[in-house]
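Peer 1: Top line first, the protein sequences correspond to chains A and B. Take any residue in the first sequence, note its place counting from 1, add 64, and you have its number in this note's numbering. Take any residue in the second sequence, note its place counting from 1, add 218, and you have its number in this note's numbering.
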Amino acid sequence: MHHIVTLGAETLHALPSGALYWPARSLLAVSDLHFGKSARLARRGGVLLPPYETRATLDRLDADIERTTPATVLCLGDSFDDLIAAESLEESDALWLVRLMAGREWIWIQGNHDPGPTSVGGTHRDLLRIGQLVFRHIAEPGENLEISGHYHPKASLAGRSRPCFLADTARIILPAYGAYTGGLRCEDPVLGTLMQPGALAILTGAKALVIPMPR
Amino acid sequence: MHALPATLQSWFTAKGWSLHPHQTDMLACADTPATLLIAPTGGGKTLAGFLPTLSELGENPPPGLHTLYISPLKALTADIRRNLRTPIEGAGLNIRVEDRTGDTTQTVRKRQRVDPPHILLTTPESLALLLSYEDSGKIFRSLQRVIIDELHALAESKRGDQLTLLLARLQTLAPNLRRIGLSATVEDPPALARFLSPHTQVLQADPGPDPDISMLSTPQPPPWSGGGGRYAIPEILREIKAHRTTLVFHNTRAQAELFFHHLWLSNEDSLPIGIHHGSLSREQRERVEAAMVAGTLRAVVCTGSLDLGIDWGDVDLVIQVGAPKNVKRLVQRIGRANHRYNAPSKALLVPANRFEVVECKAALDAVRAHTLDGDPRGPGPRDVLCQHILMTACAGPFSADVLYEEIVNAGPYHNILRREFDATLDFVATGGYALKAYDRWQRLKQTNGQWHLRDPRTAAIIRQNLGTIIDIETLKVRIKGRFGGQPLGEVEESFAASLTQGDTFLIGGEIVRYEGLREMTVEVTRQPGRDPKVAVFSGTKFATSTLLTDRILQIFQQDSWPDLPPHTAQWLALQRETSRLPTRKRLTLESFPHDGREHLCIYGFAGRNAQQTLGLLITKQMEDQGLAPLGFVATDYATLIWGLEPVTDPAPLFAPETLRRGLETWLNGNALMKRSFRAVAIIAGLIERSHQGRRKTGRQATFSSDILYDTLRKHDPDHLLLQITREEAMRGMIDFSRIEDLLGRIEGRIDLIRLPRVTPLAAPLLLEPGKVPIHGKGREKLADSAAAALMQAAGLT
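(1) By the 8 Å beta-carbon criterion, what residues does the region 664-693 of chain B contribute toward chain A?
(2) Between which two residues does the alpha helix (DSSP H) harbouring phenylalanine 955/B extend?
(3) Just to confirm the assignment: which complete alpha helix (DSSP H) runs, minimum length 4, are found wholly within the region 295-343 of chain B?
(4) Quick check on isoleucine 607/B - is its C-beta less than 8 Å from some C-beta in chain A?
(5) Are the C-beta atoms of threonine 758/B and some chain A residue less than 8 Å apart?
(6) With three or more beta-carbon pairs closer than 8 Å as the criterion, would you say the region 510-526 of chain B touches the region 419-434 of chain B?
(7) Taking the beta strand (DSSP E) that phenylalanine 850/B falls in, what are its first and last residues?
(8) Helix, strand or coil for glycine 522/B, going by three-state DSSP, please let me know.
(9) Specify the secondary structure class of isoleucine 688/B as computed by DSSP and reduced to three states.
(10) Under the three-state reduction of DSSP, which class applies to proline 811/B: helix, strand or coil?
(11) So that I know if they touch, is there some Cβ in chain B lying closer than 8 Å to that of serine 220/A?
(12) Less than 8 Å between CB atoms is the rule here; does arginine 107/A satisfy it with respect to chain B?
(13) Taking only beta-carbon atoms, is alanine 1005/B less than 8 Å away from chain A?
(14) Please report the distance separating the alpha-carbon of proline 437/B from that of glutamine 538/B.
(15) Flag leucine 566/B as yes if its beta-carbon sits less than 8 Å from any beta-carbon of chain A, otherwise no.
(16) If we count Cβ pairs, one from each stretch, closer than 8 Å, do we get three or more for the region 75-92 of chain A versus the region 130-137 of chain A?
(17) Chain A partners of threonine 610/B, CB-CB under 7 Å?
(18) I'd like to know whether the C-beta of histidine 933/B is nearer than 8 Å to at least one C-beta of chain A.
(19) If you draw a straight line from the C-alpha of aspartate 96/A to the C-alpha of alanine 902/B, how long is it?
(20) Does chain A have any CB closer than 8 Å to the CB of glycine 699/B?
(21) Starting from the beta carbon of leucine 113/A, find every residue of chain B whose beta carbon is closer than 8 Å, and list them in chain order.
(22) Have a look at arginine 912/B and asparagine 683/B and give me their C-alpha separation to the nearest angstrom.
(23) Starting from glycine 399/B and walking both ways along the beta strand (DSSP E), at which residues does that stretch end?
(24) Could you check how far apart the C-beta atoms of aspartate 243/B and alanine 652/B are, in whole angstroms? I think they sit under 8 Å.
(25) Excluding the five sequence neighbours on either side, which residues of its own chain have a C-beta within less than 7 Å of the C-beta of methionine 259/A, listed in chain order?
(26) Quick one: what does DSSP say glutamine 829/B is sitting in, helix, strand or coil?
(27) Name the residues in the region 239-264 of chain B whose C-beta lies less than 7 Å from a C-beta of chain A; which are they?
(28) Given a cut-off of 8 Å, decide if glycine 180/A and leucine 147/A are closer than it, judged by their beta-carbon atoms.
(29) Please list, in chain order, the chain B residues whose beta carbon lies closer than 8 Å to that of arginine 119/A.
(30) In its own chain, which residues sit with a C-beta less than 8 Å from the C-beta of alanine 203/A, not counting the 5 before and 5 after it?
(31) Just to confirm, are valine 898/B and valine 990/B a CB contact at a threshold of 8 Å?
(32) At a CB-CB cut-off below 8 Å, which residues of chain B make contact with valine 274/A?
(33) Is the distance from the Cβ of glycine 592/B to the Cβ of aspartate 406/B below 8 Å?
(34) Helix, strand or coil: which one does DSSP assign to arginine 505/B?
(35) Please classify aspartate 178/A as buried or exposed, where buried requires at least 16 other C-beta atoms within 10 Å of its C-beta.
(36) Can you name the start and end residues of the beta strand (DSSP E) that proline 33/A belongs to?
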């Protein structure tokens, strides 16, 4: 069950998966997919994590796309854990991604992990304005009606910590959608300064639960 | 028969010392490839182990490492060095003895690798590190002997498995190596002998007289629940005063700290009393040890860190606070008070709560009857083998055939199949995933039949992660809004995770209210005067043994309890009057409403771990039946479940087939498995415990290993690490074998007693720490209303 958020004149759905759906534009936004994270760690000579996070993430994205059938999918940056990861996706994962992209517009906004175009299809942008709303990877202080990602916010409710959306009248920050992504607690001063008093945290999980943003 | 150097012999004579028979025996079998000496504390066991070394080294030995001494405790190595120095210096022998542990400085370590002493005293972890260096062959070439102290303790954990692999490695580097194992009394000496080496000769020393052991009697009865034994402080102080030196053992560090604090508040005579446990800094521990050796302390409050080793001649009383849990360990602890060989050890048991009074009584009976408990050891765990392979690769290229031949010489790995070994090696090299993603980025590569690290720089990371001890992560507790200053104390991370806002608990002697978690700190507010909802988590790792739970159930069946303190006898009588006392052949369940929730109490007496598993399995079924369980808590004796609806028909819940099936499905998704997986993943080298010296915070480690576990389970369910986790959990934390034992002994005889209110036996469980929340429909319902309430309070609806 989603939670309805209003930003400017627009009505948006915060899905329990961590994706944001904009029905008026048939647009699905996700952030911080971090495809290929385990491969990057292995390359750097570190540990050999289970190489399944890309398909775990695709699995969820597939389900959200099937449910919302969006005309546009917008990835808000850090979609790939680095630019090499974008070029070295497992073949089955790459095909899966192509299948999801087929028949719809697909826009990659660049992030700090993937600061340039990749050979994966779709459109590449550093930021995007649609109507009144602006989409970018890292929130700009002072910006109005902005949707971003980057911070991987998370919050605790009833003893359990989950990734969450943060929303106030000026902006929405999306949770990280990728499988192997840590999080930043809402109480962190960075998020506290960015978000207005009265901001809400919308927790992901079995259903989207909304609470006042923990400070 | 080897002779002692003449100067040493005459020094002994001058001191008026004569060798005990088992010490002479050790000299007699100095050439045996492996010897296991089982002797009581105070019998000069360690000296017995060193006599063949001293005899071989003689007065002026040539340079080179001759003997390696391995102990489970850093504290022990320092103590042994002091103890050895006395005869060596006294007899004017030119023998160099040094220790090497995590506490040894970098400079000394480096020097030791170039110029090793004759006798090196170390721990399994430091030995693993030493063997991971490229020059380890050179250091150990001259090695003749290895002495393993407290073998019984090492054999109880993965540290022992690791050690046997290291011994196999040493044997390759030094083929003439002879092994000596030193052990306290154990229930199965031949099994321990096989653990040391396939060809071990067992020497049993005279066990000495029976201990003088009893329960401390106090005018004030022990509290209903919790640990700590603070109520007995006046009597314990009186005992300390009446003896020369007392060791006061506690089951956990937190309890030891708390007790120590309150002991000093009551210590009006300012008796010199110290504290010793594993979380204290090296300086603090050394100060206490030195003071003990100098005889200036009257008592030490301690934990398992003083279970072993150090022979303090002056200890004449051991006090065990809290349930002994295990008779064998109790007997070994009592042995610490053995100021004279062949004099009885004196010990007092202090039950921390009512249930423990009965357990202490059961333990006293068992000690007097000379029965010991123990479980047979399983085969060597493969996560330890993963680490061993990584360590071997750090030391240099190796051939898989040669390494396999070597590791099957380690007792616990004697029966490992070649294909199991190959799968383990494959995991280390490629991650062992069904999806072959890391062909280019393998951790180990094979060149000309030799395996080696792909990137030699990774050796540093591997070395930092050596060892099989997984620390329990703790979080500091602070008063909210107060920055800086001393924290109130520390709680285990898992305890912090179980708290919800508003929970009250006891820490540092005061009651606080949990407000939230902020930057790895538990924030609380003071809440004076209220009963704590949760006591400080007392993470006793051992479950009460079957021997003890059976004896407790026997005591329950007595008509009356003249040999129990009156408060406990009355408590049991009241239980018999209002409900009934559990028996061995039937499963007793109590159901009652309390505090607006329905409660079900399951008296399985299956030990803490099995009761915990039972709680998880039963609540899962209750969830399926729509009974909306909210949480449970398990002790060694019972599981208490609370929820929104009462249980009325228990028989289907306890049907053996349902439980077994439930175990299969549930094993895959629960927190215990995740915790178990985390330990396995760290030991096997999948997750780093530290990277470039930067320790991951417990929270982060828990978080990421949980996700890895879920991902693997979904995409690679037969992965090696999941197999290991499953095996482990069945043996240790899940302990389903004891649930099977329970089902076998009750054969379907289940009595559900419905009562209007909480019963005497169940009441203490309400106060138990370590409650486990159930994240089911009941809690979703509560989370919903909690979210709604927060929004309403903020005026946002």
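Beta carbons are placed, not taken as given, at the ideal position from N, Cα and C, and that holds for glycine.
Peer 2: The relevant details are as follows:
(1) Arg672, Asp673, Arg675, Thr676, Ile679
(2) Your numbering for residue 955/B matches position 737 in the second sequence. Residue 955/B is actually serine in this sequence, not phenylalanine. Its alpha helix (DSSP H) spans residues 954-964.
(3) 324-332
(4) On the second sequence, position 389 is the one that residue 607/B refers to. Chain A, which has no Cβ nearer than 8 Å to the Cβ of isoleucine 607/B, makes this no.
(5) Reading the second sequence from its first residue, position 540 is the one you call residue 758/B. Residue placement at threonine 758/B is flagged as unreliable, the pLDDT there being 45, under the threshold of 50; the coordinate-derived value follows with that caveat. No, threonine 758/B lies away from the interface with chain A (no Cβ there is under 8 Å from its Cβ).
(6) no
(7) On the second sequence, position 632 is the one that residue 850/B refers to. From DSSP, the beta strand (DSSP E) with phenylalanine 850/B extends over 847-852.
(8) The residue labelled residue 522/B in the question sits at position 304 within the second sequence. Of the three classes helix, strand and coil, the one that applies to glycine 522/B here is helix, per DSSP.
(9) In the second sequence, residue 688/B corresponds to position 470, counting from 1. Three-state result, isoleucine 688/B: coil.
(10) Translated into the one-based positions of the second sequence, residue 811/B becomes position 593. Looking at proline 811/B - three-state DSSP - the assignment turns out to be strand.
(11) Indexing the first sequence from 1 puts residue 220/A at position 156. With 8 Å as the cut-off, serine 220/A counts as an interface residue toward chain B.
(12) Numbered from its first residue, the first sequence carries residue 107/A at position 43. Taking Cβ atoms only, chain B reaches closer than 8 Å to arginine 107/A, which makes this a yes.
(13) Here residue 1005/B is taken as the residue at index 787 of the second sequence, counted from 1. It does; some Cβ of chain A falls within 8 Å.
(14) Position 219 of the second sequence, counting from 1, holds the residue named residue 437/B. Position 320 of the second sequence, counting from 1, holds the residue named residue 538/B. Distance between the alpha carbons of proline 437/B and glutamine 538/B: 18 Å.
(15) As a working mapping, residue 566/B is identified with position 348 in the second sequence. No, leucine 566/B does not count as interfacial toward chain A.
(16) yes
(17) Counted from its first residue, the second sequence places residue 610/B at position 392. Per Cβ cutoff of 7 Å: no residues; threonine 610/B is ~18 Å from chain A at best.
(18) What you label residue 933/B is simply residue 715 of the second sequence in a count that begins at 1. Cβ-Cβ to chain A under 8 Å: yes for histidine 933/B.
(19) Reading the first sequence from its first residue, position 32 is the one you call residue 96/A. Reading the second sequence from its first residue, position 684 is the one you call residue 902/B. Their Cα atoms are separated by approximately 29 Å.
(20) Locating residue 699/B in the second sequence gives position 481, counting from the first residue. By this cut-off, glycine 699/B is not an interface position.
(21) Here residue 113/A refers to the residue found at position 49 of the first sequence. Within chain B, the residues near leucine 113/A are Gly649, Leu904, Leu926.
(22) As a first step, residue 912/B is located in the second sequence; it is residue number 694 there, counting from the start. As a first step, residue 683/B is located in the second sequence; it is residue number 465 there, counting from the start. Because the pLDDT at arginine 912/B is just 39, under 50, the model does not fix this residue reliably, and the point stays unresolved.
(23) In the second sequence, residue 399/B corresponds to position 181, counting from 1. Looking at the DSSP string, the run of the beta strand (DSSP E) that includes glycine 399/B is 396-401.
(24) Stepping through the second sequence from its first residue, residue 243/B is reached at position 25. Stepping through the second sequence from its first residue, residue 652/B is reached at position 434. Wrong, their Cβ atoms sit about 55 Å apart, outside the cutoff.
(25) Translated into the one-based positions of the first sequence, residue 259/A becomes position 195. Around methionine 259/A: Leu230, Asp232, Met277.
(26) Taking the second sequence and counting its residues from 1, the one referred to as residue 829/B is at position 611. Helix, per DSSP.
(27) none
(28) Mapped onto the first sequence, residue 147/A falls at position 83. Mapped onto the first sequence, residue 180/A falls at position 116. Yes, the Cβ-Cβ distance between leucine 147/A and glycine 180/A is below 8 Å.
(29) Translated into the one-based positions of the first sequence, residue 119/A becomes position 55. Ordered by position in chain B, the residues that pass the 8 Å Cβ test against arginine 119/A are His933.
(30) Looking up residue 203/A in the first sequence gives position 139. Glu210, Ser212, His214, Tyr215, Arg235, Ile237, Leu258, listed in sequence order.
(31) Residue 898/B sits at position 680 when you count from the first residue of the second sequence. Residue 990/B sits at position 772 when you count from the first residue of the second sequence. No, they are not a contact pair.
(32) Residue 274/A sits at position 210 when you count from the first residue of the first sequence. Ordered by position in chain B, the residues that pass the 8 Å Cβ test against valine 274/A are Ala1005, Met1009.
(33) As a first step, residue 592/B must be located in the second sequence, where it is residue number 374. As a first step, residue 406/B must be located in the second sequence, where it is residue number 188. Contact flag set, yes.
(34) Here residue 505/B refers to the residue found at position 287 of the second sequence. Three-state DSSP puts arginine 505/B in a helix.
(35) Position 114 of the first sequence, counting from 1, holds the residue named residue 178/A. Buried.
(36) No answer is possible for residue 33/A: it lies beyond the span of chain A, which begins at 65 and ends at 279.
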